[in-house]
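Below: the structure, in structure tokens.
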Amino acid sequence: MQHFSHDGFDLAYLDEGAGEPVLLVHGFASNMRVNWVSPGWVKTLTEAGYRAIALDNRGHGASSKSHRPADYHPDKMAADAAALLDHLGLERAHVMGYSMGARVAAFMALAFPEKVATLVFGGLGSGMVEGVGAWDTIADALTAADPATITDARAKMFRSFADQTKSDRQALAACIETSRQLLAREDVARIAQPTLVAVGTTDDIAGSPEALAALMTNASAFAIEGRDHMLSVGDRTFKKRALAFFQENPL
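Structure (structure tokens):
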């Protein structure tokens, strides 16, 4: 694991393999190891001849934390991701994000289009423009003194996940307040890069991949059969489709 600095944050990242770079942006309450190393993405990409680059988003993993919601707007995390490419001397890369990371990738494509060659949105479909439900209960659950008092199933799941990843729960509560910023349909329509939208068929958070892909001029949807929001990320059919997508759209 290596580190670089941007916007007052010390950000951890990994950089493995050689070939066309694929920048990996993880989801809320996760980190690069949970989203990309443990499920085998880094191994899959490097063995296929790609350079796998992943960072811990601000407030997550081994990167520095803030308890200020204003620090977690997706445009700020997108700027972190773009700064990592600059730090590595890379002009552009394939960019793949999961869940919150997909939202960050979309903001990156709009703010830094020259740096984004292709996009993979995993675990986020029409929720990018319509929202992904009420999450105030999750913020409350993250800061609850006793997790046994949490009754909402989704909130309980995210609190358990945050505890499992040994996260800074105050930082995550701040992050969830502002990181869910929606994109307007007309902004999504401006994303011109080849895009793959992949969502599990039993994912009750992400929204429709087909509906999001239909808003863009150069996007396709992929159904990850029988997988929910947590299990889709490591699915072998998702990996196979993503590799084919990168091969269809070389740098």
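Residue numbering for the sequence shown follows the numbering used here, starting at -19 and increasing by one per position. For every residue, glycine included, the Cβ atom is placed at its ideal position computed from N, Cα and C. It should be emphasised that the depicted structure is a prediction, and the values quoted were computed from it without experimental measurement.
- Query: Touching or not, the stretch 173 to 188 and the stretch 109 to 116, by the rule of three or more beta carbon pairs under 8 Å?
  - Reply: yes
- Message: Less than 6 Å between C-beta atoms, sequence neighbours within five positions excluded: which residues of the same chain meet that for residue 45?
- Response: For the purposes of this step, residue 45 is identified with residue 65 of the sequence shown, where counting begins at 1. The answer, listed in chain order, is 39, 148, 151.
- Message: Under DSSP, the beta strand (DSSP E) around residue 145 begins and ends at which residues?
- Response: Within the sequence shown, the letter at position 165 stands for residue 145. Run containing residue 145: none; DSSP gives neither H nor E here.
- Query: Given that a residue counts as buried once 16 or more other Cβ atoms are within 10 Å of its Cβ, and exposed if not, what is residue -18?
  - Reply: If you number the sequence shown from 1, residue -18 lands on position 2. With fewer than 16 Cβ atoms within 10 Å of its Cβ, residue -18 is classed as exposed.
- Message: Suppose you measure from the CA of residue 221 to the CA of residue 178; what does that come to, to the nearest Å?
- Response: For this step, residue 221 is matched to residue 241 along the sequence shown. For this step, residue 178 is matched to residue 198 along the sequence shown. Cα to Cα, the separation comes out at about 9 Å.
- Message: I need the boundaries of the beta strand (DSSP E) containing residue 98, first residue and last residue.
- Response: Here residue 98 refers to the residue found at position 118 of the sequence shown. Element bounds for residue 98: 96 to 102.
- Message: Distance check for residue -10 and residue -4, CA to CA, integer angstroms please.
- Response: As a position in the sequence shown, residue -4 is number 16, starting the count at 1. As a position in the sequence shown, residue -10 is number 10, starting the count at 1. If I take the Cα positions, the gap works out to 20 Å.
- Item | Span separating the alpha-carbon of residue 176 from that of residue 132 | The residue given as residue 176 occupies position 196 in the sequence shown. The residue given as residue 132 occupies position 152 in the sequence shown. Their Cα atoms are separated by approximately 32 Å.
- Indicate whether residue 103 and residue 22 have their beta-carbon atoms separated by less than 8 Å. Here residue 103 refers to the residue found at position 123 of the sequence shown. Here residue 22 refers to the residue found at position 42 of the sequence shown. Taking 8 Å as the Cβ cut-off, residue 103 and residue 22 do not qualify as a contacting pair.
- How big is the Cα-Cα spacing for residue 12 and residue 24? What you label residue 12 is simply residue 32 of the sequence shown in a count that begins at 1. What you label residue 24 is simply residue 44 of the sequence shown in a count that begins at 1. C-alpha separation (whole angstroms): 15 Å.
- Message: Here's a check: name, in chain order, each residue in its chain whose Cβ is nearer than 6 Å to the Cβ of residue 174, leaving out the five neighbours to either side.
- Response: As a first step, residue 174 is located in the sequence shown; it is residue number 194 there, counting from the start. 98, 198, 229.
- Query: If we call anything under 8 Å between Cβ atoms a contact, is residue 32 one with residue 26?
  - Reply: For the purposes of this step, residue 32 is identified with residue 52 of the sequence shown, where counting begins at 1. For the purposes of this step, residue 26 is identified with residue 46 of the sequence shown, where counting begins at 1. Yes. Within cutoff.
- Message: Is it buried or exposed, residue 60, if we count other Cβ atoms within 10 angstroms and call 16 or more buried?
- Response: Counting from one through the sequence shown, the residue named residue 60 turns up at place 80. So residue 60 counts as buried.
- Taking the alpha-carbon positions, what's the residue 89 to residue 18 distance? Residue mapping note: residue 89 aligns to position 109 of the sequence shown, counting from 1. Residue mapping note: residue 18 aligns to position 38 of the sequence shown, counting from 1. In a straight line, the C-alpha of residue 89 is about 27 Å away from that of residue 18.
- Task: Can you tell me which of 125, 3, 86 puts its alpha carbon nearest to the alpha carbon of residue 67?
- Result: Here residue 67 corresponds to residue number 87 of the sequence shown, with the count starting at 1. Of 125, 3, 86, the residue nearest in Cα terms is 3.
- Member of 223, 165, 153 whose CA lies at the smallest distance from the CA of residue 196: Along the sequence shown, one-based indexing puts residue 196 at 216. Comparing Cα positions, the closest option is 165.
- Is the beta carbon of residue 81 sitting closer than 8 Å to the one on residue 29? Walking along the sequence shown from the start, residue 81 turns up at place 101. Walking along the sequence shown from the start, residue 29 turns up at place 49. No, the Cβ-Cβ distance between residue 81 and residue 29 is not below 8 Å.
- Message: Restricting to runs no shorter than 4 residues, where is the alpha helix (DSSP H) found entirely within the stretch -6 to 58?
- Response: 21 to 27
- Would you please state the rounded distance, in angstroms, between the beta carbons of residue 74 and residue 226? I believe it to be under 8 Å. Sequence index remark: in the sequence shown, residue 74 carries index 94 (1-based). Sequence index remark: in the sequence shown, residue 226 carries index 246 (1-based). Right, the Cβ-Cβ distance comes to about 6 Å (below 8 Å), so this counts as a contact.
- Same chain only: Cβ atoms within 7 Å of residue 145, ignoring 5 sequence neighbours per side: Here residue 145 corresponds to residue number 165 of the sequence shown, with the count starting at 1. Closer than 7 Å at the Cβ level, and outside the excluded window around residue 145, lie 9, 10, 11, 14.
- What residues in its chain sit with their C-beta under 8 Å from that of residue 168, if we drop five residues either side in the sequence? Along the sequence shown, read from residue 1 onward, the residue named residue 168 stands at position 188. These residues qualify, in order along the chain: 86, 108, 109, 192, 195, 196.
- Task: Measure the alpha-carbon distance for residue 121 versus residue 231 and round it to whole angstroms.
- Result: As a working mapping, residue 121 is identified with position 141 in the sequence shown. As a working mapping, residue 231 is identified with position 251 in the sequence shown. One C-alpha to the other measures close to 43 Å.
- Item | One or two residues paired with residue -18 in a DSSP bridge | Numbered from its first residue, the sequence shown carries residue -18 at position 2. Its beta-bridge partners are -7.
- Task: Write down every uninterrupted run of the beta strand (DSSP E) in the stretch 108 to 195 whose length is 3 residues or greater and which is fully enclosed by it, in chain order.
- Result: 175 to 180
- Message: At the level of alpha carbons, what is the spacing between residue -16 and residue 160?
- Response: Locating residue -16 in the sequence shown gives position 4, counting from the first residue. Locating residue 160 in the sequence shown gives position 180, counting from the first residue. Answer to the nearest angstrom: the Cα atoms are 25 Å apart.
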